[in-house]
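Below is one structure; the comments refer to it alone.
Protein chains in written order, with the UniProt record's numbering: chain R, 1 to 203; chain G, 1 to 203.
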């Protein structure tokens, strides 16, 4: 990932994450982060409003890439298929797996960061729903497709972080199939042939 | 709903909601809420830590009822079917539709309340996932079933609030079928007969 190297913002993110992991989020200062990255505090504040934001810098980038990727999906594609295609296409802006794993650990240990993460994910949901509505899907369908898409996104993301070799696009497809199997069992629909399920199970 | 009437806590919730709606959340004080409910401030603080909590009083009750309802579902039921059955069974603790509609409007107008709502919903998700894991479902499946269940819960809840005559259990079933149709279109699985879809569409 060439974007990851040599970029001021990404160096600051990496330095922040290292310090949060080594000495705790609360005890880390912006001055320490800047020093670790061999940059000035002024550089830090050019990119982030506070130390918390250093963990969420990739969020806006992802949002922008996803909206762009949704725009590239052929017209007439169903709402959830549109989202899943966009997720797979936008994975090039993901931070490296090791970074994301450490980031998840820091967030899990700090309730204020968890709240921030929740708010960011909700903002992402809202943006995706709006993008689907702009493509002509009715708002309730767009919102429900987004709920399903976010569930697949979370599932694929967790598997991607856990497995260095995994291909993200394949995990998105597998996650959608797993969610479908869970739903099909609970809501089998009117009498007729059962929906196809996969033998792949969630472990 | 007999539980709704004559209950100190519910009178305080109703008074708080009225004042939030009439004069705004920020401008309403605990003293005003207590006065509107013909109760003392001390009574208020017996039930709630602050005015914000007066909007979220039903959350813990719902959580408890859902966990109890999950325990009542026959063993061997699939994870999402378990959740959907529990949602339908726990709807007797819902506040009246008019209350929930006004509550939703107040929350939508106040970002700190939106954050609180998000945190409460996340807490509910966590509790449901744990309850499924305790019943023997593996954690990843339990979590994914919870994601799907929360999507159905939201969809059914919005329709229930909007339609005075609607039956909640039927809306849960319809919501699950709608989510299934959206997923089946995006993740059709291996070659075979197409999964059944419903003609009911989300509008």
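Using N, Cα and C, we set each Cβ at its ideal position, and we do this for glycine too. Keep in mind that this is a model prediction, so the values were computed, not measured.
* Asked: Closer than 7 Å, Cβ to any Cβ of chain R: which residues of the stretch 111-131 of chain G, in chain order?
  -> 115, 118, 119 and 122
* Asked: Going by C-alpha distance, which of G/30, G/52, G/53 and G/36 is nearest residue 42 of chain G?
  -> Within the second chain, residue 42 of chain G is the residue found at index 42, counting from 1. Answer by Cα proximity: G/30.
* Asked: What residues in its chain sit with their C-beta under 6 Å from that of residue 73 of chain G, if we drop five residues either side in the sequence?
  -> What you label residue 73 of chain G is simply residue 73 of the second chain in a count that begins at 1. So the list reads 82 and 85, once near-sequence residues are dropped.
* Within the 8 Å Cβ cut-off, does residue 157 of chain G reach chain R? -> As a working mapping, residue 157 of chain G is identified with position 157 in the second chain. Judged by the 8 Å Cβ criterion, residue 157 of chain G is not in contact with chain R.
* Asked: With DSSP run on the structure shown, which of helix, strand or coil describes residue 79 of chain G?
  -> By 1-based counting over the second chain, the position of residue 79 of chain G is 79. Three-state DSSP puts residue 79 of chain G in a helix.
* Asked: Do the CB positions of residue 25 of chain G and residue 127 of chain G come within less than 8 Å of each other?
  -> To locate residue 25 of chain G, count along the second chain from 1; it is residue 25. To locate residue 127 of chain G, count along the second chain from 1; it is residue 127. In this structure, residue 127 of chain G does not lie closer than 8 Å to residue 25 of chain G by Cβ.
* Asked: If you count every other CB in all the chains shown that lies within 10 Å of the CB of residue 23 of chain G, and 16 or more means buried, which is it?
  -> Within the second chain, numbered from 1, the residue matching residue 23 of chain G stands at position 23. Under this definition residue 23 of chain G is an exposed residue.
* Whole-angstrom distance between residue 136 of chain G and residue 54 of chain G, CA atom to CA atom -> Within the second chain, numbered from 1, the residue matching residue 54 of chain G stands at position 54. Within the second chain, numbered from 1, the residue matching residue 136 of chain G stands at position 136. When rounded, the distance between both Cα atoms is 36 Å.
* Asked: Taking three-plus beta-carbon pairs below 8 Å as touching, is the stretch 173-190 of chain G in contact with the stretch 112-119 of chain G?
  -> no
* Is the beta carbon of residue 13 of chain G less than 8 Å from the beta carbon of residue 57 of chain G? -> For the purposes of this step, residue 13 of chain G is taken as residue 13 along the second chain, with counting starting at 1. For the purposes of this step, residue 57 of chain G is taken as residue 57 along the second chain, with counting starting at 1. Their beta carbons are under 8 Å apart, which means residue 13 of chain G touches residue 57 of chain G by this criterion.
* residue 69 of chain R at chain G interface by Cβ criterion, 8 Å -> Locating residue 69 of chain R in the first chain gives position 69, where the first residue counts as 1. Not closer than 8 Å to any Cβ of chain G, the Cβ of residue 69 of chain R fails to qualify, so no.
* Interface residues of chain R around residue 144 of chain G at Cβ under 7 Å? -> Counted from its first residue, the second chain places residue 144 of chain G at position 144. Going along chain R in sequence order, the residues near residue 144 of chain G (Cβ under 7 Å) are 151, 155, 178, 179, 182 and 202.
* To do: Following the continuous alpha helix (DSSP H) through residue 20 of chain G, name the residue where it begins and the one where it ends.
  => Counted from its first residue, the second chain places residue 20 of chain G at position 20. From DSSP, the alpha helix (DSSP H) with residue 20 of chain G extends over 8-23.
* To do: Could you tell me the distance, in whole angstroms, from the CA atom of residue 129 of chain G to the CA atom of residue 77 of chain R?
  => Within the second chain, the letter at position 129 stands for residue 129 of chain G. Within the first chain, the letter at position 77 stands for residue 77 of chain R. Going by the C-alpha atoms only, they are around 32 Å apart.
* To do: For residue 157 of chain R, count neighbouring Cβ atoms within 10 angstroms of its own Cβ and tell me buried if that reaches 16, exposed if not.
  => As a working mapping, residue 157 of chain R is identified with position 157 in the first chain. Buried, by the Cβ-count rule.
* Asked: Got a sec: which bits of the stretch 64-97 of chain G sit with their beta carbon under 7 Å from any beta carbon on chain R, in order along the chain?
  -> 78, 79, 80, 81 and 84
* Asked: Just curious, the alpha helix (DSSP H) that residue 136 of chain G is in, first and last residue?
  -> Here residue 136 of chain G refers to the residue found at position 136 when the second chain is read from its first residue. It is not in any alpha helix (DSSP H) - residue 136 of chain G carries neither H nor E in the DSSP assignment.
* residue 178 of chain G burial status per 10 Å Cβ neighbour count (16 or more: buried) -> Taking the first residue of the second chain as 1, we reach residue 178 of chain G at position 178. It counts as buried.
* Asked: By Cβ distance below 8 Å, which residues in the same chain neighbour residue 63 of chain R in space, the five residues on each side in sequence not counted?
  -> Translated into positions along the first chain, residue 63 of chain R becomes position 63. Correct list, in chain order: 123, 124 and 127.
* **Close beta carbons around residue 90 of chain G, own chain, < 7 Å, minus the five adjacent residues each side** => As a working mapping, residue 90 of chain G is identified with position 90 in the second chain. Only 62, 65, 66 and 69 meet the Cβ criterion.
* Asked: Buried or exposed: residue 147 of chain R, going by 16 or more other Cβ atoms within 10 Å of its Cβ?
  -> Position 147 of the first chain, counted from the first residue, corresponds to residue 147 of chain R. Buried is the call here.
* From the beta carbon of residue 167 of chain G, is the nearest beta carbon of chain R less than 8 Å away? -> As a first step, residue 167 of chain G is located in the second chain; it is residue number 167 there, counting from the start. Judged by the 8 Å Cβ criterion, residue 167 of chain G is not in contact with chain R.
* At 7 Å on the CB atoms, spell out the chain G contacts of residue 186 of chain R, in chain order. => As a position in the first chain, residue 186 of chain R is number 186, starting the count at 1. By Cβ distance, chain G contributes 78, 80, 81, 84 and 176.
* Asked: How far does the alpha helix (DSSP H) with residue 178 of chain R in it reach, from first residue to last?
  -> Mapped onto the first chain, residue 178 of chain R falls at position 178. Start and end: 168-186.
* Close beta carbons around residue 168 of chain R, own chain, < 7 Å, minus the five adjacent residues each side -> On the first chain, position 168 is the one that residue 168 of chain R refers to. Within the same chain, residue 168 of chain R has close Cβ partners 88, 91, 156 and 160.
* Asked: From the beta carbon of residue 204 of chain G, is the nearest beta carbon of chain R less than 8 Å away?
  -> What is shown of chain G runs 1 to 203, which leaves residue 204 of chain G out entirely.
* Of all Cβ atoms in chain G, is any one closer than 8 Å to the Cβ of residue 108 of chain R? -> By one-based count along the first chain, residue 108 of chain R stands at place 108. No, its Cβ sits nowhere closer than 8 Å to a Cβ of chain G.
* Entirely enclosed alpha helix (DSSP H) segments - the stretch 62-119 of chain R, minimum 4 residues -> 79-90 and 97-108
* **Boundaries (first-last residue) of the alpha helix (DSSP H) holding residue 165 of chain R** => Taking the first residue of the first chain as 1, we reach residue 165 of chain R at position 165. Note, residue 165 of chain R: premise wrong, no alpha helix (DSSP H); not H, not E.
* **Extent of the continuous alpha helix (DSSP H) to which residue 53 of chain G belongs** => The count along the second chain starts at 1 and reaches residue 53 of chain G at position 53. No alpha helix (DSSP H) contains residue 53 of chain G, which DSSP labels as neither H nor E.
* Can you list, in chain order, the residues of its chain whose CB lies under 6 Å from that of residue 139 of chain R, leaving out five sequence neighbours each side? -> As a first step, residue 139 of chain R is located in the first chain; it is residue number 139 there, counting from the start. So the list reads 133, once near-sequence residues are dropped.
* Asked: For residue 99 of chain G, which residues of its own chain have a beta-carbon under 8 Å away from its beta-carbon, when the five flanking residues on both sides are left out?
  -> In the second chain, residue 99 of chain G corresponds to position 99, counting from 1. Taken in chain order, the residues that qualify are 13, 14 and 17.
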